[in-house]
């Protein structure tokens, strides 16, 4: 960096930075860094792999449910599996997760049932009950980047109560253009909040590519101005993602401040089932994306280290399919909630002023359902 | 509770009293906002709180309203009870996304797993000769949003009682403080922790000839108008709506059943204001009792003028008297 700008003798260098990039297993399945045996053990590596395989199969099923009219619009996580499993295994149950909406793998590992995930995308609020997951995890956040400011608030709560956990929030590359992102990391920097922000830079915000989203060379460096470290990781390398997040969470829990992690991935699917990426995504870019995808490389690595073989693969896929079938069955067989549910959770206690509307809804629903039954019987 | 001597307090001092009381009573209550800690708030509503409760519970945030609201949502989702200050209502709009998409919906969208027991306080309204963007009355924007409570106090004692309720309420409350009357007068306020009910109107003065409905700073002009009309033998029932959402129409309807006439006064712009909702509900439910059309005396549908012309926008006692006389003369 220049010591002076335009020969201004009063200018000074206030910051110089490098952006670290972590990769441990490359796209060919080769270890490219020293693998700490305490971390990169057979158990963890196979767990990461198995979870990625599981969530990809689930994702495929979820898209199929949408295509066959059994579920609403759904954002595929195809190609994003390593980020999700890295988060899922790095977080402790008492950490708090503030997800965006493409975090199926992480949600699953937090304990959210498949049925709940499908209920959510199937248009049923009970999907955000997330039974089995930590009670204080936030539900999916659809408005872009809002969850990052909520995470900052959660981190404040942790700090105010002198707790020893941390919050982890996720967002896409597009979200880093929003004020919420900057406002939240600014606060995290000033107050040294126990917070980890994981940006899933999958190169696309619907049709807007990373190149026209920001002039910053990296998203990670946006952290620098906020007074917190930012780093990049190969977001297709589950082990690397896990490792950097684990480290950042440990630091956050110890009261040593926030971290921004830019995980570089590629969105192999459409933005959602309502999108058609062939309108804007060059096929060669997609092919390149597939060369770097996260599952094959870890499979190769596991094979080469004799941690995994075709027999285990077959058995695991069978197991996954059974679990997914069960989850889908549970989703499809979930009895409808009573219609008045749409009133009953708005306030702790329904205000008197709304009782008339609630009664109206009950009568309306009864009539609609009676008409429906009549039509069905014809 | 031991009985405490009543204190003479202004409305803004009552805000402070309620905040301090609730922070002492409940350690999950925290205060955040711009200039609220060391400076005690630009109107001094949070004065002394930092000294008593420390910077962990009284936080000067960066200058970012979306952040303030978003952070409050995050805190509230974890069981804290944040009371966030937006310095002026004119700056609240950056926070709207968090208020509408998250605070108002958290309980509903998680089917009760999480909730959002936060209070967003903001001074509002005109008449203090403030610069641009410091005099708006946009309470209707919030009153339109399902899941919120919108509360507007109009006296020191009601400010104390309603703010306590707002903080204790398990759902988000937008608490709009009429800054024109922040220091208008002092009233006895007993710091005994007794809350006033939300979701109800307060009948401040009983009358039989006409119902005058208003809230916030306009309550004072309404009471003055009622006083003056009383001298002419006209009996005006004055209702302070206090909670704009959810709206206690029962109290207003009972009054109109008795008087047969209603005038609604609000400083906010006329069209699509809270007055329109009250008038619509009167048309739906009180038509046969009404002896005259419901009249709205409201702000013009223009941006709040700069203070040089503020007086032309603001509603004066004479206008209210005239409106009441017209309504009484009808039919």
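Chains as they are written, first to last, in our numbering: chain A, 1 to 378; chain B, 1001 to 1331.
Heads up, the beta-carbon is just placed ideally off N, CA and C, and yes, glycines get one too.
Bear in mind that the values here come from a model prediction, so they are computed numbers and not experimental data.
Item: Min CB distance residue 113/A to chain B below 9 Å; Value: no
Item: Among 1327/B, 1062/B and 1087/B, nearest to residue 1178/B - alpha-carbon criterion; Value: 1087/B
Item: Whole alpha helix (DSSP H) elements within the region 255-326 of chain A, 4-residue minimum; Value: 283-292 and 294-304
Item: Proximity of residue 260/A and residue 220/A at Cβ, strictly below 9 Å; Value: yes
Item: Spatially closest choice to residue 1019/B from 1127/B, 1046/B and 1075/B, by CA coordinates; Value: 1046/B
Item: Whole-angstrom C-beta distance between residue 1080/B and residue 160/A, which should lie under 8 Å; Value: 7 Å
Item: At least three beta-carbon pairs within less than 8 Å, the region 285-303 of chain A to the region 15-30 of chain A; Value: yes
Item: Sufficient close CB pairs (3 or more, under 8 Å) joining the region 55-72 of chain A to the region 208-215 of chain A; Value: no
Item: C-beta neighbour in chain B for residue 125/A, strict 9 Å; Value: yes
Item: For residue 1087/B, the three-state DSSP class (helix, strand or coil); Value: coil
Item: Assigned secondary structure, residue 1316/B (DSSP; H/G/I helix, E/B strand, else coil); Value: coil
Item: Residue of 1025/B, 1016/B, 1021/B and 1060/B minimising C-alpha distance to residue 1035/B; Value: 1060/B
Item: Same chain, Cβ closer than 7 Å to residue 1065/B, five either side skipped, listed in chain order; Value: 1086, 1091, 1092, 1094 and 1095
Item: Neighbourhood of residue 1259/B by C-beta, 8 Å cutoff - its chain only, sequence neighbours within 5 removed; Value: 1207, 1208, 1209, 1210, 1211 and 1237
Item: Secondary structure of residue 1226/B, DSSP reduced to three states; Value: helix
Item: Between the CA atoms of residue 1152/B and residue 145/A - distance to the nearest angstrom; Value: 31 Å
Item: Reference residue 1252/B; option with closest CA among 1167/B, 1204/B, 1225/B and 1048/B; Value: 1204/B
Item: Complete alpha helix (DSSP H) runs within the region 75-125 of chain A (minimum length 4 residues, chain order); Value: 81-90, 104-110 and 114-121
Item: First and last residue of the uninterrupted beta strand (DSSP E) at residue 1178/B; Value: 1173-1178
Item: Of the residues 1042/B, 1089/B and 1058/B, the one placed nearest residue 1135/B, counting alpha carbons only; Value: 1089/B
Item: Whole beta strand (DSSP E) elements within the region 1260-1317 of chain B, 3-residue minimum; Value: 1262-1269 and 1295-1299
Item: Per-residue contacts from residue 186/A into chain B (C-beta, under 9 Å); Value: 1062, 1064 and 1067
Item: The region 235-254 of chain A in contact with the region 43-58 of chain A per 3-pair CB rule at 8 Å; Value: yes
Item: Short CB-CB distance (under 9 Å) between residue 1203/B and chain A; Value: no
Item: Cβ of residue 135/A within 9 Å of any chain B Cβ; Value: yes
Item: Exposure of residue 1099/B, with buried meaning 16 or more beta-carbon neighbours within 10 Å; Value: buried
Item: CB contact below 9 Å: residue 1023/B versus chain A; Value: no
Item: C-alpha distance - residue 46/A paired with residue 256/A, whole-angstrom precision; Value: 31 Å
Item: For residue 76/A and residue 325/A, the rounded distance between their alpha carbons; Value: 18 Å
Item: Residue 1115/B at chain A interface by Cβ criterion, 9 Å; Value: yes
Item: Residue 96/A versus residue 195/A - alpha carbon distance; Value: 10 Å
Item: Sequence-distant residues of its chain with Cβ nearer than 7 Å to residue 1321/B (five each side left out); Value: 1225, 1228 and 1229
Item: 9 Å Cβ cutoff met for residue 264/A and residue 201/A; Value: yes
Item: Reduced DSSP secondary structure (H/G/I, E/B, other) of residue 1046/B; Value: coil
Item: Beta carbon of residue 111/A nearer than 9 Å to that of residue 86/A; Value: no
Item: Partner residues on chain B for residue 128/A, Cβ-Cβ distance less than 8 Å; Value: 1109, 1110, 1111 and 1113
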